[in-house]
Structure formats: structure tokens, C-alpha cells
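K.L.:
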Amino acid sequence: MSLKRQNAIMQAVRARGSCSITDLATELDVSTETIRRNIPPLLAMGVLTRFHGGVMVPEGREEPPFQRRMHINYMAKKAVAETVRAHIRDGDSLILDNGTTSAYVAEALLNHSSLTVITHSVQIAYRLSARNGNRVFMAGGELSGEDGTANGPSVISFIQQFQVRYAILSVAGISLDGEFGNFHLFEADFAQAALQQAQETWIIADESKFRREAPVKVCQLGAVDAIVTSAPPPAPFATRCAEEGVKILLPETGRSTNSAKDD
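Final position of the sequence shown in numbering that gives the first Met the number 0 is 262; the numbers increase by one with none missing.
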């Protein structure tokens with residue numbers, strides 16, 4: 000089964016609300032048997048339901064914007080999260096931002112214990128607080144109605160009180176020359192402050208973020224220690240990583256393509 004194909008199935012169904020198996024096979028240019036093999040995991044996760052001859056998005060009220068974004072490229076985001084999970088140890092300390100990939104990281108860490116987590120995201124705090132001896136520190140500020148994120152200068156002041164092992168940060172776009180960007184100024188401000196408080200900074204980004212334009216600069220490649228992504232990045236970017244000594248962590252092996260900064 001292919002994570003990329005399951006993601007394509009999910010996006011096609013969400014665009015229409017429902018699709019027959021035949022329509023999905025035609026749209027994705029694969030056999031109906033290929034579609035049938037890739038559907039069971041989506042049914043098991045509850046993101047699709049079956050009807051005679053096809054699948055559909057589960058009925059219910061309109062999802063909040065954050066939950067809708069959780070579905071976009073969700074298989075790739077889960078793969079990124081599982082790669083992060085393999086490297087985080089019980090007792091580690093980390094800063095997590097408000098991205099949907101960060102929320103998947105929080106879910107992947109549910110069985111870890113004694114973590115210290117600093118965040119400004121209600122979504123992150125809810126997933127990890129009161130579990131396995133974890134300590135979650137939630138920054139205060141004006142709460143966004145879209146994603147339950149605290150914003151404002153008090154958030155930056157709050158995270159500057161902590162020193163952590165990892166800053167794990169999502170971005171909206173990655174240029175091939177090694178610049179990371181976000182869509183909103185405060186998200187970039189948060190990331191810039193977080194990386195100053197961490198021994199290591201990891202960028203978490205599924206493969207769709209490469210070559211994607213994002214107007215607000217976060218940092219350059221040399222400011223980070225690792226890129227955790229769902230598939231090998233474009234060759235020019237991988238070359239830049241090798242030059243800068245930045246690890247590229249990929250799913251399944253969870254191993255770096257560059258050992259210059261490995262422990």
C-alpha cells in the first residue's frame with residue numbers, strides 16, 4: 000500500500016464528498032483493485048466511510064479549519080511524525096508550534112513519558128498533558144478561534160524562559176536555496192524565538208512544502224540541525240543540506256542522509 004496513493008484518494012474524496020471505486024481508479028489512473036487495497040486503512044482511521052460501490056467523507060457537522068487542514072497530506076504528515084517519534088526519548092524537552100504536522104507529532108508521542116513540552120497550541124497541550132508524567136507548559140495570549148493558538152508578545156516572552164533539547168517547528172514553504180517561510184508573521188516570530196531556546200532545531204515538513212512560496216521568512220538552512228520530511232527532497236536542496244551539515248531524516252529507516260551533525 001502507498002501512503003502517497005492513500006493521500007490522493009483522501010483528497011479526491013474530500014473534494015467531491017463521495018466517490019465510486021471506479022471514479023477513483025479513473026481519476027488516479029490505477030486499477031480498481033489498487034484502490035480497494037488502499038482504502039481499508041482510511042476506513043479504519045475513520046476518515047472515510049464505505050457505501051455500496053464507493054467511499055465518502057463521514058457525515059457530520061462542518062469541521063473547524065484546523066481539523067480540515069489536518070486531513071491535507073495527512074499520510075505524509077503522519078509519516079513525518081512517526082520519524083520524529085523514533086528519535087525522541089522519554090524525559091526529553093521540546094518546543095512544539097501550532098502546525099498540523101506538529102499536532103501529528105504530539106499524537107505520535109502519546110506513549111512517551113516524562114516529556115517537558117512548551118507550546119502555544121491548545122491542540123498540542125490537549126494531546127500531551129496529564130499523560131505518563133508529562134509536563135506541558137502552555138503560553139498565554141490572545142486565543143485564535145481558528146486553531147486554538149495563543150498569539151501576542153507574551154507568548155514570545157513565555158518561551159524565552161525555557162531551555163529545551165529540541166525545537167520542533169513546522170513551516171509553510173521551503174525554497175531550494177534553503178530558506179524556510181511561513182504565511183503569518185507571528186508564526187515566524189515564534190519559530191525564530193523557539194530556535195534560540197533549543198539545543199537542536201528540527202524542521203518538520205511533508206514533501207509538498209518544497210518549492211512552495213511562503214512570504215514571511217523564518218530562517219536559513221544553516222540555523223537548523225535537521226529536516227524531517229516524508230520523501231527525499233529535491234537534489235539541489237539535499238546538496239545544500241550536505242554542504243551545511245544538516246541531517247535529512249526520512250520515514251521507515253528514520254536515518255539521516257548526512258551524518259555531519261549526528262550524535
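Think of the CB as a built atom: it goes at the ideal place given N, C-alpha and C, for glycine as much as any other residue.
Report buried or exposed for Ala129, applying the criterion of at least 16 other Cβ atoms within 10 angstroms of its Cβ.
P.N.:
Here residue 129 corresponds to residue number 130 of the sequence shown, with the count starting at 1. Answer is exposed; the Cβ neighbour count stays below 16.
K.L.:
Assuming Val54 and Ser17 form a contact by the criterion Cβ under 8 Å, report the distance between their Cβ atoms to the nearest whole angstrom.
P.N.:
Translated into positions along the sequence shown, residue 54 becomes position 55. Translated into positions along the sequence shown, residue 17 becomes position 18. In this structure Val54 touches Ser17 by the C-beta definition: roughly 7 Å separates them, less than 8 Å.
K.L.:
Give the straight-line distance between the Cα atoms of Asp68 and Glu145, rounded to the nearest whole angstrom.
P.N.:
Within the sequence shown, numbered from 1, the residue matching residue 68 stands at position 69. Within the sequence shown, numbered from 1, the residue matching residue 145 stands at position 146. The residue asked about is misnamed: residue 68 is Arg in this sequence, not Asp. One alpha carbon belongs to Arg68, the other to Glu145, and they sit about 11 Å apart.
K.L.:
Tell me whether Met74 sits in a helix, a strand or coil according to DSSP, three-state version.
P.N.:
Taking the sequence shown and counting its residues from 1, one reaches residue 74 at position 75. Note: Met74 maps to helix in three-state DSSP.
K.L.:
Please confirm whether Gln159 and Ala192 have their CB atoms less than 8 Å apart.
P.N.:
What you label residue 159 is simply residue 160 of the sequence shown in a count that begins at 1. What you label residue 192 is simply residue 193 of the sequence shown in a count that begins at 1. Taking 8 Å as the Cβ cut-off, Gln159 and Ala192 qualify as a contacting pair.
K.L.:
Using the C-alpha atoms, what's the distance from Ser153 back to His165?
P.N.:
Taking the sequence shown and counting its residues from 1, one reaches residue 165 at position 166. Taking the sequence shown and counting its residues from 1, one reaches residue 153 at position 154. The sequence shown places Tyr at residue 165, rather than the His named in the question. Roughly 21 Å between the two C-alpha positions.
K.L.:
Please go through the same chain and pick out, in chain order, the residues whose beta-carbon is closer than 8 Å to the beta-carbon of Asn133, but skip the five residues on each side of it.
P.N.:
Counting from one through the sequence shown, the residue named residue 133 turns up at place 134. Closer than 8 Å at Cβ, skipping near neighbours: His111, Ser112, Ser113, Leu114, Thr115, Val116, Leu127.
K.L.:
Using three-state DSSP, classify Ala259 as helix, strand or coil.
P.N.:
Here the question's residue 259 lines up with position 260 in the sequence shown. Because Ala259 sits at a pLDDT of 39, beneath the cut-off of 50, its placement in the model cannot be relied upon, and the following sentence gives the value as read from the coordinates. Reduced to three states, the DSSP call for Ala259 is coil.
K.L.:
Given 7 Å as the limit, tell me if Thr33 has its C-beta closer than that to any heavy atom belonging to the ligand MN.
P.N.:
The ligand MN is not among the ligands present in this structure, which contains no ligands whatsoever.
K.L.:
I'd like the list of long-range same chain contacts for Arg49, defined as Cβ closer than 7 Å, with 5 residues on each side in sequence excluded.
P.N.:
As a working mapping, residue 49 is identified with position 50 in the sequence shown. Same-chain partners within the cutoff: Leu42.
K.L.:
Got a sec, what are the start and stop residues for the alpha helix (DSSP H) Val154 sits in?
P.N.:
Here residue 154 is taken as the residue at index 155 of the sequence shown, counted from 1. Per DSSP, Val154 belongs to the alpha helix (DSSP H) from 152 to 158.
K.L.:
Is the distance from the Cβ of Ala190 to the Cβ of Thr228 below 8 Å?
P.N.:
One-based indexing of the sequence shown puts residue 190 at position 191. One-based indexing of the sequence shown puts residue 228 at position 229. The answer is no: Cβ separation not under 8 Å.
K.L.:
Tell me which same chain residues have a C-beta within less than 7 Å of the C-beta of Leu23, skipping the five on either side of it?
P.N.:
On the sequence shown, residue 23 is found 24 positions in, with the first residue counted as 1. Ile8, Ala11, Ile34.
K.L.:
Leaving out five residues on either side along the sequence, give the residues of the same chain with a beta carbon under 6 Å from the beta carbon of Ala230.
P.N.:
Residue 230 sits at position 231 when you count from the first residue of the sequence shown. Around Ala230: Glu206.
K.L.:
Tell me the residue span of the beta strand (DSSP E) that contains Arg239.
P.N.:
Taking the first residue of the sequence shown as position 1, residue 239 is located at position 240. Per DSSP, Arg239 belongs to no beta strand (DSSP E); it is in the alpha helix (DSSP H), 234 to 243.
K.L.:
What runs of the alpha helix (DSSP H), each 4 residues or longer, lie entirely inside the region 122 to 146?
P.N.:
none
K.L.:
Going straight from the alpha carbon of His183 to that of Ile123, what length do you get?
P.N.:
As a position in the sequence shown, residue 183 is number 184, starting the count at 1. As a position in the sequence shown, residue 123 is number 124, starting the count at 1. Roughly 19 Å between the two C-alpha positions.
K.L.:
Rank Ala213, Leu168, Asp28 by C-alpha distance to the C-alpha of Leu95 and give the top, closest one.
P.N.:
Mapped onto the sequence shown, residue 95 falls at position 96. Residue Leu168 is the option with its Cα nearest to Leu95.
K.L.:
Closer than 6 Å by C-beta to Arg211: which residues in its own chain qualify, once you throw out the five before and the five after it? Chain order, please.
P.N.:
Taking the first residue of the sequence shown as 1, we reach residue 211 at position 212. So the qualifying residues of the chain are Gly172.
K.L.:
Considering only the alpha carbon of each residue, which of Ser101, Glu251, Glu186, Asn131 lies closest to Trp201?
P.N.:
Locating residue 201 in the sequence shown gives position 202, counting from the first residue. Ranking Ser101, Glu251, Glu186, Asn131 by Cα distance to Trp201 puts Ser101 first.
K.L.:
Ignore the nearest five residues each way along the sequence and tell me which others in Ile87's own chain have a CB closer than 8 Å to its CB.
P.N.:
Start at 1 with the first residue of the sequence shown, and residue 87 comes out as number 88. Shown here for Ile87: same chain residues with a beta carbon closer than 8 Å to its own, the five before and five after excluded, namely Leu93, Leu108, His111, Leu114, Tyr165 in chain order.
K.L.:
How many angstroms separate the CA atom of Glu141 from the CA atom of Asp188?
P.N.:
As a position in the sequence shown, residue 141 is number 142, starting the count at 1. As a position in the sequence shown, residue 188 is number 189, starting the count at 1. Each residue's Cα considered, the two are about 15 Å apart.
K.L.:
Near Val29, what residues of its chain come up, given a Cβ to Cβ distance below 8 Å and the 5 sequence neighbours on each side ignored?
P.N.:
For the purposes of this step, residue 29 is taken as the residue at position 30 of the sequence shown. Closer than 8 Å at the Cβ level, and outside the excluded window around Val29, lie Arg4.
K.L.:
Does the beta-carbon of Pro233 have 16 or more other beta-carbons within 10 angstroms, so that it is buried, or is it exposed?
P.N.:
By 1-based counting over the sequence shown, the position of residue 233 is 234. So Pro233 ends up on the exposed side.
K.L.:
Just the C-alpha distance for Val215 and Tyr73, rounded to the nearest angstrom, thanks.
P.N.:
Here residue 215 refers to the residue found at position 216 when the sequence shown is read from its first residue. Here residue 73 refers to the residue found at position 74 when the sequence shown is read from its first residue. The straight-line gap from Cα to Cα measures roughly 24 Å.
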